[in-house]
Structures are given as structure tokens and as C-alpha cells.
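Residue numbers (our numbering): 565 to 1483. Quick reminder that beta carbons are idealized off the backbone N, C-alpha and C, glycines included. For clarity, every value in this text was computed on a predicted model and none was experimentally measured. Taking it in order: structure first as C-alpha cells, then the write-up.
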């Protein structure tokens, strides 16, 4: 096929194909109006790609409601390769394609397709071609988007076409190229080639009417001689839109056929999948015979390679279908439904639903079955659409509400909270709030907790506990109600939810009955009105293990477990569950567990592992749209950036958190943001600024006031207050910690209590408290806080002129700070060590220390000297480009330079001076 005026487009396609041939995969989305030539460009790519395996599919309007329909078409030629996949991936893909009843999830399917395609690419390059991607069902679209964003190191090319700019949606982030109309000279050449012997008048008229649209340039000449054709354009108001003209051209061709051939054409257009056998069976009662097929194929509108039917252009079936009266379309869909096998539930359901113009319980029930199949294949968006249509066709309002509630839960599971809310509203309009709460298992409260105001979530959840029947669901709602109150910093609401939780009838489920007293103990932590049974750490790990990944809907959040000092056994359980979730590719749950693991790793001094886990969890959370988990990831990263002196990162992350948490009243998140800002200022030597942030955690009515966070931050608050002489702040904090020690005996609290007393005492009493803090059993398990205690004690010993002892503690603290890259405290420890004049100084000060560069500034400087851009440096170091600029602004004056050109000549392996030889 000759292409006119498409030099830029074919060059772009050639580039994608060339990169794939060289082993560097990439994708490209061609977008533009219908008929603009996108399909012809795909054919160009297929025809010119050298020695590649081509996988192709096309989206259709009918199959947009059938889960993984386009993926089935794409992979049909290579079904025999499914056995080459790992067993979990093969099972997931078979379930998605309807080859088995295995349950799956979209990310495991995406991973399976990625493995399959990349495995094929090891033999020869693979070209994936998707035409009319705007009609591809959501499940396939997300799967192909997953593929296209992960093929950079494989010889794979992914080409897609669509009508809209793909800047959002499943193709977001892929390179895109708009295909526009042809220039006038190219348009004339195309008309001349399409209609040999065309008069100059016809060419002029066609070019002016078509507006550069290639399909219009092909088809408009066919209606030039119609008696009711539009006037020749040229005067204002004469130019008609291309769409109606093309539709007229195609409908005119269909009208010229015999009635059986027109019926056969309509059946093919309505069927959309291109299954010639189904169309043939459907036409059996419509007078279709061999001569009818011959007539249809001679028309040139349809071709039949093998068992497949293909329209010459995707606009043809749309024009034929839209130009047919509704009654005839109804009959066509019913005939197609009757021609399908009984196990083609979704296809039959949608044909009958399309034909339905009144309520029909039989069709609604069939759609509900199709939705259940979609949910088993984790095609949530498809299930939502199917259940919504089932509700529309339900004669009984109760059935309609039940289907809408099921659709809401499917939308929630798929991450579409807006759709879930609207579906619940629609269901409530039919049968009322309480009935919908029972049908949806209290979904309104969970939605409110995740995306709305926690106090309102508490109201919904506690109210709906009375109408939900499943005890596990009620227990989860009660736990979430308590968590909502805790997130809002409302102890009164927390106590109310606890009372409801204690009254839940577990119906003999020992896992739940064992959990109730433990939950009361944990969550009643701030209720000082009665005794509290001690929490056994082993019980925590055992219950979490027994509950599996469900535990995180029932157990309290990690900060509360940390405040009790019972989080230790959870680490191994979490790691085992993480391995299982990775294997099953359950991404949302995996992100939630990874960030919990990261929090535990921070406390255990595994900061690199914590950072890696938090970054991975953040990427996963952002990909699936779980903002709640993403916020926890940002707070974990801020908790690492603060002691490392990366204040710009702390500011960036906490600003983003506060923008979301303060308007919603989520004090548990806001308080953590204030805490990390306070720690960053404290470690940077600005105690007054630190105190300004930290006192907010205990200030009644403040957006950041939160009891648990204030408790965990007490050591930082007291240290800042002592440095600025605010003893009025110190005493209430020490009292709070002492009370918590008596209540829980938590190791961290006992250590903090001794350390805080040491800060406000003098002489032997201060030393006694420092020693007691260091001797608490288990205190070294938190190496950072243990090193902070040694630093404070070393500073006290130096001031007491006990320099040898001071040097031992200061050197030990400096070693830990260096291992953790806690630069501000490392510098402080080394400075104190130098002042102590001890001989145990931890290593000689290097050139970096001489010029005052921090570890992060040195890393940034070295990368900038290697000519990386700020954005590239930021990507490597997991910081923002603005933070990179800030660090470079500090580096230049410290090194005595003014430009990157001079920076490139710095001798980083030597004395950090400008070398005569450039890098």
C-alpha cells in the first residue's frame, strides 16, 4: 500500500522498529480522528518490520464490555506457549482468557503477558499491534499498558491507535504521535490514485470536502453523482462534516445489496468479533446462503481470510450499524445470541442486553453471571459495567439495588472510588441506606476512611455494623471504625467503637474470638479508667500469621503496635506474606505490606532496606491509585530523610502529605508530618524550630494533635525543649512517658524515660539515668536511638572532663551514624570527639570533612561532575530535582567554584581541588 504525505509518521514507526531490532523495546500511540490513516500506518509497520513475530488485535464496541476479549484475540496464535510460563502466571493467564476457572488478578495477568512476550522476543523481535485501542476492554488495556511500560530492555515494539490524546488512562506515559490530515498536494495524489480518471472538478470537490482525511478522500467520490448530494463546498456554510458524508457513502453501498446480503452485513457489524461461523449460524434463518456470502465479499466492504471476517475499515461496521433501524439491530443481536455456544455467557448476555428495550430479569440474571466470571478473572471495571446494565434491566428494585451494591464493591476493589460512591447512591435511592449497607458489607464507611473524613467514616461504620450479617465483615468494620477514630485523634469515638467491637457475636470462630480481647487491649491504650492486660508480642505474630493478609484490616496500625513495643515478631511474618503476595502478584496488598515492613526496618536500623521497600511500595501504590498507602510511603521516606539531613526532601514529602491530610482531618498522618519536620530541624541544630513543630503534637485542637505520635515523639520534644530552656514543656512529656512505661513496660519507652531524665538532671543522677537507658534489655535493637543516647552521654562525659569515656561512646555513636548515613549527627559526634581530645577518633577526617561537604552533597557533586542533569541525579538518588539544585548551591561555595565546568575538573579521588586535567 502506498502512503501519501506520511514521511514523519513512517519515520517514527521505523525508529520504533529499529530500536526493537537492536534490543531496546519501546511503544508508540498513534492518535487522531476516525479515517485519518492510523490503521494504514499500522499495516505499513507490519509489512516493513523485518523478521518479527506479530501479535495483533482490534478493539470493538461490543467487546468493550467483555473482560480480556482483546487479549484473547492478541494471544490466540500463541496459546501453545502458555506452558512455558511459571505455573502461577500460566494459571492466571488461562483464567483471564477463559481457558480455566482459575482466579486471577490483573497484575499477575500483566506479568504473565510480559513474560510470554519477552520470552518470544528472545527468539526474534515481537511487534504488538493494537488497533482502535479506545474500544479495548479495561482489563486488556491495563494489561497492555503494563507490558508497554516494561519492555525497555527487550526487543519488543508496541504500536497502538486511538481517537484521543493518551495523556491519561492506561496508555499514560507512552510516546504519542498525532496523525493529522494530509496536505493538499498529497490529498490530490491520493484521490487520483484511488479514482483513476477522476475529473479535475471531482478532485477539487473531494479535496475541499475531505479536509485531508484519507478515508474521506477514498470514499467521497463514490457519492458525487447522487441526486441529493451536498452542494460543492466553497461558500460559507456549504462544507459538510466528514462523518455524515462517509456514513452516507457506506450506507449507500449497503442499500445497493440484496436483502439477505444486507442482513448478513448487519450481522457481521453487530457481531464485531469477526467470527465467521457465528455469523453464518445466525444468518441461517435470514435466507443467507452461499450466494449471499459471495455477494457480500464482492462488495469490497468485507473480506474473509480463513474463519475470520474483516471489514475493510473500522468505520464501515459502525456506519452500517448506526444506519440500520433499531428493530433490525435488535433482531440481529438476538440471532447472534442464539448462535453462540451456551458457555459464551458474557457474549450472549451482552447481545441480549443490547437488544433489550424493557426490563428483563432473565437477561439481567445472565449479565450477573457474566459479571461473576469477570470478578473471578479480576476484571473489576468490566464487572462494574456489566452489573450496572444488569441493574438497569432488573424489574425488581431490590434486585437492582443488590446488583448496584455488588457493582460498587467491584469498583472499590478496582480502585475507582468515584464510581463506587455513585453506585451506592443509586442503590440507596432505590431501597434506602441500611439495606444497601447490608448488601455492600458496609462499603460506604470503608470508602470514607480511604478517601474522605475519618470521623464520618467512624459514623458510617459503627452504624452499619448493626445490619451486616457476616461476623468477619462486622469485625473488620468495627476495627476500621476504631482505626478511623484513632486517625482522627478522637479518643471518645475510639472508645465508642471499642464497645461495639466487644459486643460482636463471633459465632464460634476462634480466630475472631481470640482477637477481640487483644484488640480491646491494644486500642484501649489511651483509656486510663481501668486496668489493661499486657500484650504478648508472640500473640501478635501468631494472630497475624493465622489471619494472613487479612490481618491488616483487623490489626492496629504499626505505630500503635510500636508504642506497645510488640512489633518485633511481625517482621518475619510480614516478610513471609510479602513473598507470597509477590508470587501471586497481589499488588495493592503487596504495597501495603511493603510499607509496613519499611517502618519496622527503620526502627531496626535497616535503613537501606527500608528505603528500597518504601520506594517500591510508593511506585506500586501510585500505579494502582491507593493514595492512603502512598502517603504512608512518603512519611516513611521522610522519616529517613530527616536524620540524613535531606531537609528539602522532608519538606517536599510532608507538604504533599499535609495538603491531603489536613483538609480531611487525618491527624495520624498530619502529626507524623510535623514530627519529621521537627526531627529534621532538631538534627540540623535548630531546636526552637524543632520545638515549634513538635509541641503541636500535644496541643489540643491542633490539626497535628495525636496521642500516639506525641508519645513516640516525646524524646525529640524534650531534647528540643531542654536546648531552648523550655522546662514547662519538659515535665508533661516526662510524665506521659512514665505513665506509658507503667502501662506497657515497652522497651523504647523505658529507654526514653531514662534518657529524658538524664537531660534534665545534673551530676551523678544524670549519669545514672544515661547508664540506665543504655542498659535497658533490648535497647540496642533500635541502633539509631541507642546511638543518640550514646551521643548525649558522650557529650555529657566530655563536659564532665571524662574524655576517654566520652571518646568511647562518641566514636561508637559516630560509627552507627556513618553506617546509616545520618550525616548531621555523624558530624556532631565527630566534632564532640575532636573536642574530647581522645585517641580513639573514628578514622581520620578526609577532604570531604575539610571542606564541609555532607555525604549527600558529595554524591550530588560527583554525579553532576559526570555531566548528569539535575533530573537524572534526582532519579538516581530518589530525591527531587529542586533538592539537587539546593545541594549544588551549597557545593559550589564550599569548593570555591562557580560552574559545572569547574565542577567537572574537581579531583574527587584526591584533595577536592581543581585538577589541571578535566574529567
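Take the alpha-carbon of residue 958 and the one of residue 952: they are about 10 Å apart. In the structure shown, the three-state DSSP call for residue 1122 is helix. Looking at the backbone, the Cα of residue 1234 and that of residue 1267 are separated by about 7 Å.
With respect to the C-alpha of residue 656, the residue from 726, 938, 925 and 876 having the closest C-alpha is 938.
Boundaries cannot be given for residue 822, as no alpha helix (DSSP H) includes it and DSSP labels it neither H nor E. Going by DSSP, residue 839 is part of no alpha helix (DSSP H) at all; its letter is neither H nor E.
Considering only 979, 975 and 879, the residue with the shortest C-alpha distance to residue 987 is 975.
Looking at the backbone, the Cα of residue 1236 and that of residue 645 are separated by about 50 Å. Residue 695 sits in a strand when the DSSP states are folded into three classes. Straight through space, the alpha carbons of residue 1312 and residue 1080 are spaced by roughly 26 Å. A distance below 6 Å between beta-carbons, with the five flanking residues on each side excluded, links residue 738 to the following residues of its chain, in chain order: 591, 593 and 712. The beta carbons of residue 1425 and residue 1448 sit about 10 Å from each other, so the pair does not count as a contact at 8 Å. Going by DSSP, residue 595 is part of the beta strand (DSSP E) stretching over 590-595.
Of the other Cβ atoms in all chains shown, 16 or more fall within 10 Å of the Cβ of residue 817; this residue is therefore buried. Your pair residue 683 and residue 648 checks out as a contact, with CB atoms roughly 6 Å apart and the cut at 8 Å. Secondary structure at residue 875: strand, using DSSP grouped into helix, strand and coil. Annotated three-state conformation of residue 725 is strand, per DSSP. Around the beta carbon of residue 1247, a 10 Å sphere encloses 16 or more other beta carbons of the protein chains shown; the residue is thus reported as buried.
If the five residues before and after residue 785 are omitted, its C-beta is found closer than 8 Å to the C-beta atoms of 755, 758, 759, 762, 766 and 770, all from its own chain and listed in chain order.
Counting along the chain, no beta strand (DSSP E) covers residue 648, and no H or E run does either. In this structure, the beta-carbon distance from residue 581 to residue 628 does not fall below 7 Å.
Taking C-beta atoms as the reference points, residue 1048 and residue 1018 count as a pair closer than 7 Å.
Residue pairing by DSSP places residue 1157 opposite no residue, since no beta bridge is assigned to it. If you check the CB distance, residue 928 and residue 954 come in under 7 Å. In the structure shown, residue 1190 adopts coil according to DSSP, grouped into three states. Using a Cβ-Cβ distance cut-off of 8 Å, the stretch 1155-1162 and the stretch 1124-1142 are in contact, since at least three pairs of beta carbons, one from each stretch, lie closer than that value. As DSSP reads the structure, residue 621 sits in a beta bridge with 694. Residue nearest to residue 1244 within the set 1252, 1227, 1209 and 1278 is 1209 (criterion: CA-CA distance). In the structure shown, residue 742 adopts extended strand secondary structure according to DSSP, grouped into three states. No residue range can be given for residue 689, since it is assigned to no alpha helix (DSSP H) and is classified by DSSP as neither H nor E.
Annotation for residue 1301: the continuous alpha helix (DSSP H) segment containing it runs 1291-1308. Residue 857 is classed as buried because its beta carbon has at least 16 other beta carbons within 10 Å across all chains shown. In the assembly as shown, residue 722 is a buried residue. Its beta-carbon has 16 or more other beta-carbons within 10 Å. In the assembly as shown, residue 905 is an exposed residue. Its beta-carbon has fewer than 16 other beta-carbons within 10 Å.
In the three-state reduction of the DSSP assignment, residue 1478 falls in the strand class, which pools E and B. Between the stretch 858-875 and the stretch 886-894, the count of Cβ pairs shorter than 8 Å is below three; the stretches do not touch.
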